[in-house]
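Residue numbers (the numbering used here), protein chains in the order written: chain A, 718 to 1055; chain B, 718 to 1055; chain C, 718 to 1055; chain D, 718 to 1055. Beta carbons: idealized from backbone N, C-alpha and C, even for Gly. On a predicted model such as this, the values are computed, not experimentally measured, just so you know. Following: one structure in structure tokens, then a few remarks.
Number of protein chains: 4
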Amino acid sequence: MGVVGVGTMGKRHAENIRHLIPEAQLIAVADADLARARQVAAELEIEHYYNTVEALIERKDIQAVAIVTPAKFHGVAIRACAHARKDVFCEKPLTLTVEEADEVLSLTAKAGVRLQPGHVRRYDPSHVRAKKRIEAGEIGDPVLFKSLGRDQSPPPVSYMASGVNGMFFQDSGVHEFDLGRWMMNDEIAELHAYGAVLVFPEAAQFNDIDTAVVNLKFSRGALGAVENYMQAVYGYDIRTEIVGSKGTIMLGYLQQTPELVLTASGARTDVVDHFLIRFADGYLDEMRDFVRTMLTDGEPKVDGFDGRQAVAAAAAAERSYREGRPVALQNPARPVKA
Amino acid sequence: MGVVGVGTMGKRHAENIRHLIPEAQLIAVADADLARARQVAAELEIEHYYNTVEALIERKDIQAVAIVTPAKFHGVAIRACAHARKDVFCEKPLTLTVEEADEVLSLTAKAGVRLQPGHVRRYDPSHVRAKKRIEAGEIGDPVLFKSLGRDQSPPPVSYMASGVNGMFFQDSGVHEFDLGRWMMNDEIAELHAYGAVLVFPEAAQFNDIDTAVVNLKFSRGALGAVENYMQAVYGYDIRTEIVGSKGTIMLGYLQQTPELVLTASGARTDVVDHFLIRFADGYLDEMRDFVRTMLTDGEPKVDGFDGRQAVAAAAAAERSYREGRPVALQNPARPVKA
Amino acid sequence: MGVVGVGTMGKRHAENIRHLIPEAQLIAVADADLARARQVAAELEIEHYYNTVEALIERKDIQAVAIVTPAKFHGVAIRACAHARKDVFCEKPLTLTVEEADEVLSLTAKAGVRLQPGHVRRYDPSHVRAKKRIEAGEIGDPVLFKSLGRDQSPPPVSYMASGVNGMFFQDSGVHEFDLGRWMMNDEIAELHAYGAVLVFPEAAQFNDIDTAVVNLKFSRGALGAVENYMQAVYGYDIRTEIVGSKGTIMLGYLQQTPELVLTASGARTDVVDHFLIRFADGYLDEMRDFVRTMLTDGEPKVDGFDGRQAVAAAAAAERSYREGRPVALQNPARPVKA
Amino acid sequence: MGVVGVGTMGKRHAENIRHLIPEAQLIAVADADLARARQVAAELEIEHYYNTVEALIERKDIQAVAIVTPAKFHGVAIRACAHARKDVFCEKPLTLTVEEADEVLSLTAKAGVRLQPGHVRRYDPSHVRAKKRIEAGEIGDPVLFKSLGRDQSPPPVSYMASGVNGMFFQDSGVHEFDLGRWMMNDEIAELHAYGAVLVFPEAAQFNDIDTAVVNLKFSRGALGAVENYMQAVYGYDIRTEIVGSKGTIMLGYLQQTPELVLTASGARTDVVDHFLIRFADGYLDEMRDFVRTMLTDGEPKVDGFDGRQAVAAAAAAERSYREGRPVALQNPARPVKA
């Protein structure tokens, strides 16, 4: 495998492949910043590094590529991989527009390469267990999907500058929208979004927002409500709840450790402060699963269509917020495998 | 004092006045069902009972009346009290329409009688503490208001039949809307609601719904998201969160008792199953406060205008749900006391 | 009723009788500090106050007395009440020695007056529910009793000076020992105690300790472990656990409120800081129960023998700590009512 | 490295070395059951397996050995390793008697080989953090050590039969005693134990117990209380608390997952059911640390003397329980490295 883009997230994927997934072999990394590529290659004790995806995929010994570049380069990198017949794992969001998502789906299908978007929450052990409980009927029919995602602090301004304008829904909300589709086993039919710049004024410079609430209506009638927030100073906070006709499942990992410290200044517990801590297991499991899928010549559990649908929901949320009205989604049928 | 309407809720108010608020004297109760009025009078060891509000307010020794009838009779009863110059405590919702709310506000103002709607959560100790924390700046500027209210089971069909069509937002959501106004110290400028009949098909008969999600936009720009649900089989579940620029406050009283029972079939905690348990202190404190306001000739902490605004928000939510579009609220200025 | 001793605890009992237990009538209070007695009488709007128990019990209209003096005066006051044929509620510990406990048991029995010690935890709703769960077999046979009691701060030095030397086991441990007897439905057969002065050096002046761990062996073979601690700066902390052959029940009321405050400095919950807050319901319920027992001419649910046994366990713990060895308890049979 | 004894625990150590600790190379495994050794070697894709420790340590390419046999064989295996100049990691308890512990300490010291006992809790992330908080002064001076260890179910009878009589304190309590020494940074000066057969009658056959409570007195005066219980049907339950003069730290990992499931039958959370789940990170971290210590020619963070002291405390607890009296510990000075 090769990894393209070795910033914080890409480096984690590279480390997981190198150290913790023995079935995979990490051959090379690439990064637009060649010094960073060299540094990561050295740390991971691998030989090859490049500064373009094209250079990396020229290698015959690379069968699959993990794309972890800024989102605006996902499309280009996926196209290059498809052309070179490499299977692709691509971090979320799959692309920044629905049109580009449709294009890469079509391209990879024609090239016969696999495409898995990095929807890590589908691999988080607690979400996996919740999904199983729902399928086992523990809460009856799911009727209401609630989810919130709060970052401890905004991304660096350089990160915001690296995207397109107004990508908060694509960057953050995309997790919640995918989770909703998966947990409810349904498509989002319509949504309504409010957004605002309330705590991070710099967001406005990038035509972006830092706070959003989105109401969802699913195709079979269930409802949903999603929140995204950019600057929860107290920690990285992810909570999901699926309400069913016979009960509810709440997920929350606020507390990082089983320690409770009580002093005269109060009772204090730790909270998780970063998604790489919260979803450490998820990131490892998703890459393991991708590797096994490749080795067994199977189909990804989360595929390009899932990536496309999450992008479409985020785009609809963006439009709803901009236009001040509910937006219905066009939900194409899932493409049939040839 | 007199209490008009002594079903479950009215009886609780009567008991609180009779036994736990020594400054007040319970003189009489009234109920359309005279047998029930007689029974409650006997239990509370008071002498007088009637089957109409008019009969009750003829008594000279009654200075204030608590109205706890079905909501559709609130307006009539308030008018009668205003005419008889009795101060009024009225259970929520103040009225079923904004027009009627405006009318009773105007009437009571002219008559010089006080009017306090039963927005009990403003008296719940945990909400009171949270409000103080916000005012003390503990979480910086409040930017996001989240609230959910779930009943364990739908009201009896007779209760639904006693209201007007489609009163879920007025009956349940009115709590959340008032809480939002209070906690955020702001008016709701616009909202968007989805509603559905998902778990209690009988609701459709009454043109009502059992599930709702409502997004809020406050006048100064903050956002909000509210959920109401009619049939959370596991218990009565109320959760409120106010997110601020420097932190967040979460309120939830899911666990009724400090007991954790662990057996081979799992870990189990108790949950509250009824609002009269969850808000026992709140109901007592609000009536105590009303009594003291009367005795000290003061102005109610929660007044008719607050009741009117909550009714208006619920009506807007109903319209948004019916018409499938965001609805802006006309927010009149708070009337100045003469 | 009359209340003798109206410091913090006695005043609470007097308030409960005066305001919240309509079946009882509070006639008079007494306190060695007459000014305090007068002040409390004024606050409670009752007419009569005295500076001795003797003066108070001369009143014919007083049928029962609550004794809430320093523990070393309990014996004298109980004797006076027995002589005057008044029923007695007496705060814990019943007496400071087993010998005196036996004497007052005998005296009150002969006089035909009732005697209920203030073992408040038997009336705490969560402990009551736990007891019922155990009796219902939810955790099988109880085999292990764990309990801890931690005060937020030591009592005032004046309070320590008002007792006899070394009364930590009698003042604090007595709650745990009684709870153990009640929850396990068994007598303590033997115990072993370690004690130390670790955080409040002033305790040594009074030949007292601030920290204790006590192991228990019950008559039918079950084990127990108790902890008492005088200065848990973070709050008033009471935890009880009963382990059975089929599960366990944990009780803890550490968190006073359902609020969770999350800021950049961490996650914070409130804790209870005083036993009058933690056991507010218990204190009210125990006095209500005492009043009803008197009015119905019944036998107290918690009686003098229970008080005696708790005093005996505390005395044994003291001896074990002093002598550095396990101490067996002589457990007399419960006296049969004539 | 080689691993001797590849039952459940030994296999886990072997897996960690093979897959997750790249700096170490797993050369061979040994087990008295040769078929099991062969099976594990096959699963781990390594070439060599043996049925005796002697055969394994003949290999020149093995520098260090992890001993994970039944405890009664620890002494023999350590001796063999010392003779063959292999560094040793040995599962707890180091030995079954203090005498044998002293002997292996002396032998390994003379042979110049390192010896690390498997006190896994010293590597559990939450305990590590708690230790750091204590050292940072967050809770002032530690004055009270509380700890409990409960297994979900008794070990197989074959396991009990493989030990010596009455090894509950050595097998389970040894964890708590070591934790107490480490957290309090002090030696245990005296202890008192009660033990009983209350839930697992088979324990009596092996002269063993299933329930124990142990009071501790530390050298510098602090107190402690430990509980061990063999059959907590609801799960594997480990709780530790260190109370200091300025606060307390509670550790507990009862809840395995962040899921809360609420249905009509109540609120339910998951609990951990096995120590290999609860301490998965700890087992990996301790072996990583051992490997690094070997590679850097350092001294183990937890050494033979620590193992010896835990064994001595367990032996004293056993004696206290058998003889019904407190037992003082002889605490030799930590041997100075030559």
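- In the assembly as shown, V874 (chain D) is an exposed residue. Its beta-carbon has fewer than 16 other beta-carbons within 10 Å.
- Contact note: L979 (chain D) reaches chain B through A949, V950, Y951, G952, D954, L971, V988, using a C-beta cutoff of 9 Å and chain order.
- Contacts with chain C (Cβ-Cβ distance below 8 Å) from the segment 786 to 811 of chain D involve no residue at all.
- Sixteen is the threshold: since fewer than 16 other Cβ atoms of the shown chains lie within 10 Å of the Cβ of V1053 (chain B), the residue is exposed.
- Beyond the five residues adjoining it in sequence on each side, A939 (chain D) comes within less than 6 Å, by CB distance, of V860, M901 in the same chain, given in chain order.
- Judged by DSSP secondary structure, R755 (chain B) falls within the alpha helix (DSSP H) whose first and last residues are 751 to 760.
- Membership of L743 (chain D) in any beta strand (DSSP E) is not indicated, and neither H nor E is assigned to it by DSSP.
- By the rule that beta-carbons nearer than 8 Å mark a contact, P859 (chain D) does not touch chain A.
- Within chain D, the residues whose beta carbon sits less than 8 Å from that of E944 (chain C) are L861, K863, A942, listed in sequence order.
- Legend: CB atoms of the segment 821 to 834 of chain C lying less than 9 Å from CB atoms of chain A are not found in any residue.
- For V830 (chain B), no beta strand (DSSP E) segment is defined, and its DSSP state is neither H nor E.
- Taken through DSSP and simplified to helix, strand or coil, H800 (chain D) comes out as helix.
- If you look at K728 (chain D), you'll find it in the alpha helix (DSSP H) that goes 725 to 732.
- The beta-carbon distance between P1049 (chain D) and E907 (chain D), rounded to whole angstroms, is 16 Å. This is too long to meet the 8 Å contact definition.
- Counting only residues of its own chain and dropping the five nearest sequence neighbours on each side, F917 (chain A) has a CB closer than 7 Å to the CB of P871, D927, M947, Q948.
- Closer than 8 Å to the CB of M726 (chain B) there is not a single CB belonging to chain C.
- Counted as a single uninterrupted DSSP element, the stretch harbouring Y953 (chain A) is not any alpha helix (DSSP H), since DSSP gives it neither H nor E.
- Those residues of the segment 907 to 921 of chain A placed with their C-beta closer than 7 Å to a C-beta in chain B are H909, Y911, A913, L915, V916, ordered along the chain.
- With respect to chain B, the C-beta atom of R985 (chain D) has a partner C-beta closer than 8 Å.
- In this structure, the alpha-carbon of M1004 (chain A) lies about 21 Å from that of L1001 (chain D).
- Beta-bridge partners of Y1038 (chain B) (DSSP): none assigned.
- The alpha-carbon of D987 (chain D) is positioned some 26 Å away from that of E732 (chain D).
- Boundaries of the beta strand (DSSP E) harbouring M967 (chain A): 964 to 969, taken from the DSSP string.
- A residue is called buried once 16 or more other Cβ atoms fall within 10 Å of its Cβ, and R985 (chain D) is buried on that count.
- If you draw a straight line from the Cα of F885 (chain A) to the Cα of D925 (chain A), it is about 6 Å long.
- In chain C, no part has a C-beta under 8 Å from the C-beta of R839 (chain B); the shortest such distance is about 16 Å.
- A contact is defined here as three or more CB-CB pairs under 8 Å, and the segment 802 to 819 of chain A meets this definition with respect to the segment 1023 to 1039 of chain A.
- In this structure the segment 751 to 762 of chain D does not lie against the segment 790 to 806 of chain D, because fewer than three pairs of beta carbons, one per stretch, are closer than 8 Å.
- Within chain B, no C-beta atom comes nearer than 7 Å to that of E771 (chain C); the closest sits roughly 31 Å away.
- Judged by DSSP secondary structure, T1010 (chain B) falls within the alpha helix (DSSP H) whose first and last residues are 997 to 1012.
- Excluding the 5 residues flanking it on each side, N932 (chain B) has same chain C-beta neighbours closer than 6 Å at H909, A942, in chain order.
- By the beta-carbon neighbour count (other beta carbons within 10 angstroms, threshold 16), L1012 (chain D) is exposed.
- By the CB criterion at 8 Å, A929 (chain D) and Y840 (chain D) fall outside the cutoff.
- Assignment of P810 (chain D) by DSSP, reduced to helix, strand and coil, places it in the coil class.
- Contact between V950 (chain D) and Q869 (chain D) is confirmed by a C-beta separation of about 7 Å, below the 8 Å threshold.
- Interface flag for S962 (chain D) against chain C is set, since a Cβ pair is found closer than 8 Å.
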